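For the protein sequence lines, the chains are A, B, C and D, in the order given. Taking the working numbering, I'd label the letters of the first sequence as residues 1 to 286. Taking the working numbering, I'd label the letters of the second sequence as residues 1001 to 1490. Taking the working numbering, I'd label the letters of the third sequence as residues 2001 to 2315. Taking the working numbering, I'd label the letters of the fourth sequence as residues 3001 to 3315. Just below is one structure, and these are the notes that go with it.
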Amino acid sequence: AQSEKITIGVALAQDDNPLYILMLKGIRARAQELGWEVATVSSNEDKLKQINGVQDLIARGVKAVLISPIDAVGVNAAYDAAAQAKIPIISLARGSSSPNQTLHVGINEKQIGREIAEWTAKQIGGQGKVAMLVGPSGAPAFRNLAEGYTEAMAKFPGIAIVFRTEGPLSRERGVKHAEDALVANPDLKAIYTSNDDIALGAVQAVVAANRKGQTLVTGMNGVPPALRAVKDGGLALTVELNPLTWGRIGVDKLSDFFKGEKLENQVFIPHVLIDRANVDAKMPNN
Amino acid sequence: MTEPAARASGITKRFGATAALDDVSFDVMPGEIHALVGENGAGKSTLIRILGGVHGPDRGEIYVDGQACHFSSPREAIAAGIATIPQELRLVPALSIAENMALGDLPMRKRLGFAVGLDRARMRREARETLRVLDFAPDPDCPVRQLPFGERQLVAIGKALRRRCRVLILDEPTAALESHEIKRLFGVLGRMREQGVAIIYISHRLDEIVSLADRCTILRDGRVVAVSRRGEFDVAALVQAMTGRIGHDIHTETPSLGDTLLEETQSREDGMRLRAGEVVGLAGLLGSGKGRVLRRLFGVEAEPARVLIKGAPKRLSNPSHAVAAGIGMVPGERGLGLIMNQSVRDNILLASLDRFASRKGFDRSAADRTVTTLMELLDIRPRRAELKVSALSGGNQQKVILAKWLAREVDILLLDDPTQGVDVAAKAQIHALVRDFAKRGGGVLLGSSDLGELARLCGTVVALHRGRICARMERTDGLSEQKLLRAIGG
Amino acid sequence: MSWKQTAAQLHVRGLTPLLTLLVLCAFTALATDRFLSPLNLTNILVQSSIMAVIALGMTFVIIGGGFDLSVGSTVALSGCIAALVMVKAGLVLGIVAGIAAGVLVGLLNGVVIALLGVNPFITTLGTMVLVRGVVFLITAGAPVGDEGLPSSFVAFGSERFLGIHYLVWVPAVLLVLLSWVMHNTPHGRRIYAVGGGRDASYLSGIPVQRVIASTYVWCGTLAGIAGVMLAARLQSGQPTAGEFYELTAIAAVVLGGAALHGGEGTLYKSVIGVFIMVVLGNSLNLLNVDSYWQRVAVGAVIIAAAAADRLRWRR
Amino acid sequence: MSWKQTAAQLHVRGLTPLLTLLVLCAFTALATDRFLSPLNLTNILVQSSIMAVIALGMTFVIIGGGFDLSVGSTVALSGCIAALVMVKAGLVLGIVAGIAAGVLVGLLNGVVIALLGVNPFITTLGTMVLVRGVVFLITAGAPVGDEGLPSSFVAFGSERFLGIHYLVWVPAVLLVLLSWVMHNTPHGRRIYAVGGGRDASYLSGIPVQRVIASTYVWCGTLAGIAGVMLAARLQSGQPTAGEFYELTAIAAVVLGGAALHGGEGTLYKSVIGVFIMVVLGNSLNLLNVDSYWQRVAVGAVIIAAAAADRLRWRR
Ligand SMILES: Nc1ncnc2c1ncn2[C@@H]1O[C@H](COP(=O)(O)OP(=O)(O)OP(=O)(O)O)[C@@H](O)[C@H]1O
Ligand SMILES: Nc1ncnc2c1ncn2[C@@H]1O[C@H](COP(=O)(O)OP(=O)(O)OP(=O)(O)O)[C@@H](O)[C@H]1O
Ligand SMILES: [Mg+2]
Ligand SMILES: [Mg+2]
């Protein structure tokens, strides 16, 4: 009976990003409830490393793979390897174009970007200058978010995106680039950021420039410090993505698969925009 | 009259404020050995570097076989038939002897007229053959870094000999060689002269010049002061022309000996003992272990030396122990004693940084005073302490190393060929310094390839053969070059 | 200190990379029987292939006494250009264009470093950043060839010839070829000579600048080939590919016994260095070591491997 | 070749970093009047402060002939440890613990490199990876101290003393102090000596290993201080902080005229090197240059600055 114990392999895109840390927590929690083992590999946005990791998982004998593919095409070799080993492979958060993808549990990044843009536009009355601090160049999630945002903003003739940089998801960079953005455009109405860490840095710069309340900062992910910042008014908006839930759903879907159920191709996980109005309900201690 | 094989006309070369060469003209005929002599820093190496394509002259022309040449790199000079053995050893330590010797033109294996890779067998054969002429038979595949300094010098000479060249330039080739190798080398040079090769020969061993050279050009402060033919010059005349002074005559008084300064406590075949006021010489052929004795006492050899220093037992496993015990060493390889990229001042102070530490930090003025005094004492030229050591002439570099230990005020000096590449006047000066050092109660262990130097300077000479003491001679019993030569088996 | 070393010690020292690799393999094979499964061994070969090609190029530069931080960006550039051209002008032109891009980057590095005499670290750091910018510019930051690269190209990234992946054949053939160049041509020996002593080589009539420049061209070319291989493996040109490859490649070369001051190094040992890095990652994955602990283990093993080399070597 | 250079040329050469910085500033000031605004100048000072402290430490290592890739991870480690301890045990203990963590990493590097004689590149690459793993392990990958660090600590990261940010005072004071150490103590001069020639220093009785180890301890300590400063500036300990700092710091030191083979370098010029890097980023941001073009520009300027140094210097 011991050898019957199911081991599933997990290959997320990063191991140092709160989103993926929570996702892995969800996966582990659900797997434990089912009595499964979890084997992880990490890749930190290196596609080849992710393919290699999935290969290693398969060599290790896992029964299924949960993957957060770094790129929609780039890691298709990992899906091929799973297909060759005849095991299911489910994409979490990001999706793949591979025909061998069993299921995609995803978020609609462009849609979220559009919603942030619309929310921001409403807050600033459809007028003014906007800066964008986008995540690392080339990472599709951040590119999609930013594209959605830009698309939606283009519909407001009074809004101009006057500043845009791409770079790492660090708080330090948030401070530095927001400082520069505020020097270049002291009358900035809003700063879009791709993640809460950049956002919290940007908030610091806004406060230091005495623009609190006048320059709105929007974040992404809904991590606890960001929620606190929304509550005390520094951060205007963040988006709760429920990564814990994604992890759980991913494992549930695998369990369904093992029971022989037919899976649909794609499941979207709902997201929630969090601003001052609804932040109290989301605070972690509530 | 035939065309000179190489001719330099009206060469001027400045380095910043220093005029290394000032309107120098010079030529060498096919089948002639033309010696170039002058004090340290006179400009000899600079002149041959210009001939060899390393430097471009500021003014003046170079002619090879009557053709004006403008070399922009050594490569072009080599292609024009000029082979040089530079003063500083220039070999690639990681490569084998054979490869180093073939470096400029590696021989190719041919099949059906096509080159199909290196001809290693030929490289080895040529290396062996060339070195055999110098009576040196190493494994040609041995990396050069595993050779002792003197043997590397032989490889460098072999490298130049191997090339078929019209002009051969040797810049102090014998500085680290023993009489045996030197005799061999002269034999080879003589044969090449007969074959019509033009040879430019630089040395501070003036007796060599007298016996070897057909013609001699004397440089002083970057100018030609005299050119004379064989028979027209002797050592005294050369010294007079080089320095503008009458040659020093060397007085030989024996200083009185004091207490034992250093004594090895392990019994060994090459154990040493040194008393205050004593200059002990180490004589031996190439590879006899002179260097090893000195290195051991300085803590650089793998096995630590166990010694009594002024009666106190010490274990020397690291130079810092040796220096702390009052020992300084001038290594046989000049480059090991100097930080080439740093100033003369920094190099002189290298071993005595803690001496000038005061509570307020580093005592610059005291340090500068010491540096100035020592540069004066040792006549280090030019007298610019901020100049990088790499910009000094070879002989002056050698004096900087000595100055380093005088600045530290050590009790015991271990000297490995300390006067190699040093001009006659400076050599006499260094000898006087060594004698003075001993007179003030210091002890000196002097390894030298110059037997004359040992005979003049030492109270005792220990002859080494294959790492053992094979003879011990006292000044009181009479010391002479011939006697030493017999003792070391040369 | 250098003068304490003897021939015998050197000989033993030369074997350390191989011994390290064997110890690592033995350890993992004992810990999990999956390590020696044919699937896993194949995986290791394929996983090593691309880095091996890069490490070969890096070995040239390091033997020549240089340093190249730009290989990661070059890999991305070649891959993206290969994919871009391939989509428009077909397989062969795509591959040629990809490799040519690598040659060009190598030439740029070589000219700046050898002819202008600029420090290699700072030059290649500059090209690393610059080339990455160019990659993003020409791809607008998005992967290239998502709509499908030629199927033969994709097959090259995943299929086998004589039971061995095409991707593995490339470094294998290159290793044999380049080892011959390194040891049996004057060009190869000159690289060793220049790396081991610039002044001595210059005075021996070796065209030092040209030799140094050539090492960067080799490195760029091989990074270009690696970029094309990576594009085949990723079935697309990825603008973010190759980050940190420079550090991995240099680490592999140094673990393979090359000296960063130049003049020493062997191509096949650099490949062993790559295997050490890959097998290490593979073992940690097979043993399901937590990813944070993996970092600790990788760091510790790198240091330990290098230290073992030194400890054996001292008396 | 080295023997072609003269004192006069050296003198001009020494000014290149400053000239580069001035050209860069003049150019940006002409392009946008916001550059010289007091707010922006303050921002530049603050943005440079942390990197300046790291670069000071890196200068020690580089003058000593070494290399340190682990500073970025060390910055993250110190910041996180400072934040962790501060939350539990108060401000002072937190700061001490943070800096102590840096000292420890430096000691580890120093011992492995100097005493075991392992290559600095590979050693510090190892510690870079290892220390980052440790950071993630002790923080579980999440920022530390978001619930609030002591308010005096947060104030240190944002407030001013005599009109100048505390964060700027730190490198200013350190620069004066350490320059004195470098030039007026035997210890400082030994570092130059050892970097300039290991063999000659060894044969002059300098305890070479101890001196080399000490440079890494200096570097670790200063990275530790920088980590604490960063935590104050980010009002939290960030486990991902400091990535690529090592390359920026080394680039700054080299742009400041230090030679990677050791023995040369000046602390205040390294700080100028940091200003070059920061002003460059700041200018490109103020001019709203597209971030892809920014990379191209940064790469090109780095190469150009280094090349300018060389071109001036050749006759
Ligand atoms: N690269 C350089 N930079 C500055 N000065 C230099 C340089 N090379 C040589 N010099 C100076 O030029 C002068 C001539 O030096 P050179 O090396 O030609 O002397 P030399 O006659 O060969 O002396 P030695 O017998 O000691 O070898 C010296 O004053 C020396 O300091
Ligand atoms: N690094 C080394 N590796 C191997 N053998 C060495 C090394 N150094 C010296 N030897 C050998 O040790 C012996 C003694 O060398 P050592 O340098 O002490 O001789 P020496 O008498 O000082 O020579 P010289 O006359 O050149 O000063 C020689 O036979 C030499 O070949
Ligand atoms: Mg000379
Ligand atoms: Mg000797």
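Idealized CB from N, CA, C, for every residue including glycine. Keep in mind it's a predicted model, so treat the numbers as computed, not measured.
Sorted by chain position, which residues of the same chain lie with C-beta nearer than 7 Å to residue i's C-beta, five sequence neighbours on each side aside?
| i | result |
| --- | --- |
| residue 3152 of chain D | 3091 |
| residue 2105 of chain C | 2070, 2074, 2077, 2127, 2131 and 2220 |
| residue 2034 of chain C | 2040 and 2286 |
| residue 43 of chain A | 11, 13, 49, 50, 53 and 70 |
| residue 1437 of chain B | 1413 and 1444 |
Can you find a C-beta in chain B that's less than 8 Å from the C-beta of residue i?
| i | result |
| --- | --- |
| residue 3185 of chain D | yes |
| residue 3218 of chain D | no |
| residue 2192 of chain C | yes |
| residue 3201 of chain D | yes |
| residue 2189 of chain C | yes |
List the residues of chain F that residue i touches, going by C-beta distances under 8 Å, in chain order.
| i | result |
| --- | --- |
| residue 1323 of chain B | Chain labels in this structure do not include chain F; the protein chains are A, B, C and D. |
Which residues does DSSP list as the beta-bridge partners of residue i?
| i | result |
| --- | --- |
| residue 221 of chain A | A:240 |
| residue 292 of chain A | The question about residue 292 of chain A has no answer here: the residues shown for chain A are numbered 1 through 286. |
| residue 1313 of chain B | B:1308 |
| residue 1229 of chain B | B:1215 |
| residue 1143 of chain B | B:1096 |
| residue 1358 of chain B | B:1361 |
| residue 1274 of chain B | B:1262 |
| residue 1013 of chain B | B:1021 |
| residue 3086 of chain D | Residue 3086 of chain D is not bridged to any residue. |
Is there a C-beta anywhere in chain C that falls below 8 Å from the one on residue i?
| i | result |
| --- | --- |
| residue 1054 of chain B | yes |
| residue 1140 of chain B | no |
For chain D, check one thing: does any of its Cβ atoms lie closer than 8 Å to the Cβ of residue i?
| i | result |
| --- | --- |
| residue 1074 of chain B | no |
| residue 1026 of chain B | no |
| residue 1362 of chain B | yes |
| residue 2292 of chain C | yes |
| residue 70 of chain A | no |
So is residue i in contact with chain A if we call contact Cβ pairs under 8 Å?
| i | result |
| --- | --- |
| residue 3226 of chain D | no |
| residue 3270 of chain D | no |
| residue 3143 of chain D | yes |
Go through its chain and collect everything with a Cβ distance to residue i's Cβ below 6 Å, but skip five positions before and after it.
| i | result |
| --- | --- |
| residue 2226 of chain C | 2050, 2053, 2054 and 2075 |
| residue 1427 of chain B | 1419 |
| residue 134 of chain A | 142, 146, 166 and 194 |
Which same chain residues end up closer than 8 Å to residue i when comparing Cβ atoms and leaving out the 5 residues on each side of it in sequence?
| i | result |
| --- | --- |
| residue 2198 of chain C | 2065 and 2208 |
| residue 1477 of chain B | none |
| residue 36 of chain A | 5, 6, 7, 8 and 251 |
Between residue i and ligand 5, is there a pair consisting of the residue's CB and a ligand heavy atom that are separated by less than 7 Å?
| i | result |
| --- | --- |
| residue 1171 of chain B | Inclusion of ligand 5 in the displayed structure is not the case, the ligand content consisting of ligand 1, ligand 2, ligand 3 and ligand 4 alone. |
Self-check item: alpha helix (DSSP H) runs wholly inside the segment 3264-3304 of chain D, at least 4 long, in chain order
Solution: 3267-3286
Exercise. Can you check the segment 1440-1481 of chain B for any beta strand (DSSP E) of at least 3 residues that lies completely inside it and give the ranges in chain order?
Key: 1443-1447, 1460-1465 and 1468-1474
Exercise. Scan the segment 3142-3219 of chain D and note each continuous beta strand (DSSP E) run of 3 residues or more that stays entirely inside, going in chain order.
Key: none
Self-check item: Secondary structure, alpha helix (DSSP H): runs of 4+ residues fully inside the segment 1083-1127 of chain B
Solution: 1097-1102
Exercise. Please specify which runs of the beta strand (DSSP E), each continuous and at least 3 residues long, are wholly inside the segment 1360-1418 of chain B, giving them in chain order.
Key: 1412-1416
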